[in-house]
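Asks: Dumping the structure here so I can ask a few things about it.
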Amino acid sequence: MTKKLNAAKKSIEYIQDGMTVGLGTGSTVELMIEELSKKINTGLNIKCVSTSNRTTKFANNLGIMIHEFDSVAKIDLTIDGADEVDPYLRGIKGGGGALLYEKIVAYNSEKNIWIVDDSKLVNKLGSFPLPIEVVPFAARKLVVKFEQMKLNPVVRKSDNKNIVTDSGHFIIDCRIGEIDDATALEKELKMIPGVVEVGLFIDIADYVIIGYSDRTAVLE
Ligand code: 5RP
9 MTKKLNAAKK SIEYIQDGMT VGLGTGSTVE LMIEELSKKI NTGLNIKCVS
59 TSNRTTKFAN NLGIMIHEFD SVAKIDLTID GADEVDPYLR GIKGGGGALL
109 YEKIVAYNSE KNIWIVDDSK LVNKLGSFPL PIEVVPFAAR KLVVKFEQMK
159 LNPVVRKSDN KNIVTDSGHF IIDCRIGEID DATALEKELK MIPGVVEVGL
209 FIDIADYVII GYSDRTAVLE
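Just so you know, the sequence shown maps onto residues 9 to 228 in the working numbering.
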């Protein structure tokens, strides 16, 4: 946790008074929200939007009010976690199942920071199973399609039931292994009817803050 906490603390330095800030999802983001709540309690004045019900609940429990995403004119900065990051600041996200709203909020943010511990750094994306959010109506057909594409799909379950995302979709995790062309794969997948979003985040992060046990480093 120290590594994640170090990255989380560093990211707070990028938040300035008056900003609208997007809050990502996951354990690293929750450490950041805890730090942020201390700043808010001592006078930092910001507006926050959230990327998931989980984050909204977590922030609310710390007294942080969450604004409707569609009610804010712009988002200055979003701070989120990631499951894998390559040297080109491309990532796989969606381990927490929030990829759709995370991508929408990130796309609408002036700047995006990811906070990760050093275990998330890879030379090539793909060791972490790629989450693909799909319309339940098409899920079985999509599993067959992804099998044909040799993506090794598995529908994500919890307690033997398909997990349902905040927007009412299923997630299919694909154990692909090293991805040679992440941009081409993202495009190909998004062309398939029933695919809502893909956990490849390309050209989104402006900074990645890496937490080590005794320091942080920033990729930009
Ligand atoms: C959720 C995500 C998370 O940001 C990602 O899974 C990292 O989580 P953690 O900070 O718990 O390692 O993409 O959809």
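By construction, the Cβ of each residue, glycine as well, lies at the ideal position given by its N, Cα and C atoms.
Please confirm whether arginine 148 has its beta-carbon closer than 8 Å to some beta-carbon of chain C.
Replies: Here chain C cannot be found, since the structure has a single protein chain.
Asks: Tell me which residue opens and which closes the beta strand (DSSP E) that phenylalanine 178 is part of.
Replies: Start at 1 with the first residue of the sequence shown, and residue 178 comes out as number 170. Element bounds for phenylalanine 178: 178 to 182.
Asks: Got a sec? Which residues, its chain only, sit under 8 Å from glutamate 76 by beta carbon, not counting five neighbours each side?
Replies: Translated into positions along the sequence shown, residue 76 becomes position 68. Once the five neighbours on either side are set aside, the close Cβ partners of glutamate 76 are Val57.
Asks: Alpha carbon to alpha carbon, how far is methionine 199 from glutamate 164? Give it in angstroms, no decimals.
Replies: If you number the sequence shown from 1, residue 164 lands on position 156. If you number the sequence shown from 1, residue 199 lands on position 191. Per the sequence presented here, residue 164 reads as arginine, with glutamate not at that position. Answer to the nearest angstrom: the Cα atoms are 22 Å apart.
Asks: From the DSSP output, in three-state form, read off asparagine 168 for me.
Replies: For the purposes of this step, residue 168 is identified with residue 160 of the sequence shown, where counting begins at 1. Reduced to three states, the DSSP call for asparagine 168 is coil.
Asks: Taking 7 Å as the cut-off, is the C-beta of glycine 32 nearer than that to any heavy atom in ligand 1?
Replies: Within the sequence shown, numbered from 1, the residue matching residue 32 stands at position 24. Answer for glycine 32: yes, Cβ within range of ligand 1.
Asks: Measuring CB to CB, does glycine 99 end up less than 8 Å from alanine 106?
Replies: Counting from 1 along the sequence shown, the entry for residue 99 is found at position 91. Counting from 1 along the sequence shown, the entry for residue 106 is found at position 98. For glycine 99 and alanine 106, no; Cβs fall outside 8 Å.
Asks: Where do the N-terminal and C-terminal ends of the alpha helix (DSSP H) with tyrosine 115 fall, by residue?
Replies: Walking along the sequence shown from the start, residue 115 turns up at place 107. Residues 107 to 115.
Asks: Between which two residues does the alpha helix (DSSP H) carrying alanine 15 extend?
Replies: If you number the sequence shown from 1, residue 15 lands on position 7. Its alpha helix (DSSP H) spans residues 10 to 20.
Asks: Whose C-beta lies closer than 7 Å to the C-beta of alanine 16 among residues of the same chain, with five residues either side of it excluded?
Replies: Position 8 of the sequence shown, counting from 1, holds the residue named residue 16. Hits under 7 Å: Thr36, Leu39, Met40, Glu43, Ile123.
Asks: Since isoleucine 48 contacts isoleucine 72 with CB under 8 Å, what's their CB separation in whole angstroms?
Replies: Walking along the sequence shown from the start, residue 48 turns up at place 40. Walking along the sequence shown from the start, residue 72 turns up at place 64. Yes, they are in contact, since the Cβ atoms of isoleucine 48 and isoleucine 72 sit about 6 Å apart, within 8 Å.
Asks: Taking 7 Å as the cut-off, is the beta-carbon of valine 37 closer than that to any non-hydrogen atom of ligand 1?
Replies: As a first step, residue 37 must be located in the sequence shown, where it is residue number 29. Flag set: Cβ of valine 37 near ligand 1.
Asks: Just confirm the distance between the C-beta atoms of aspartate 214 and asparagine 120, as a whole number of angstroms; I'd bet it's less than 8 Å.
Replies: Looking up residue 214 in the sequence shown gives position 206. Looking up residue 120 in the sequence shown gives position 112. Sure, about 5 Å apart at Cβ, within 8 Å.
Asks: Counting Cβ pairs closer than 8 Å, one from the region 212 to 228 and one from the region 9 to 26, do we hit at least three?
Replies: Contact between the region 212 to 228 and the region 9 to 26 is present, because at least three Cβ pairs lie under 8 Å.
Asks: What residues match up with tyrosine 215 in a beta bridge as DSSP calls it?
Replies: Numbered from 1 along the sequence shown, position 207 holds the residue referred to as residue 215. In the DSSP output, where bridge partners are listed per residue, tyrosine 215 has Ile121.
Asks: From the DSSP output, in three-state form, read off proline 144 for me.
Replies: Along the sequence shown, one-based indexing puts residue 144 at 136. Of the three classes helix, strand and coil, the one that applies to proline 144 here is helix, per DSSP.
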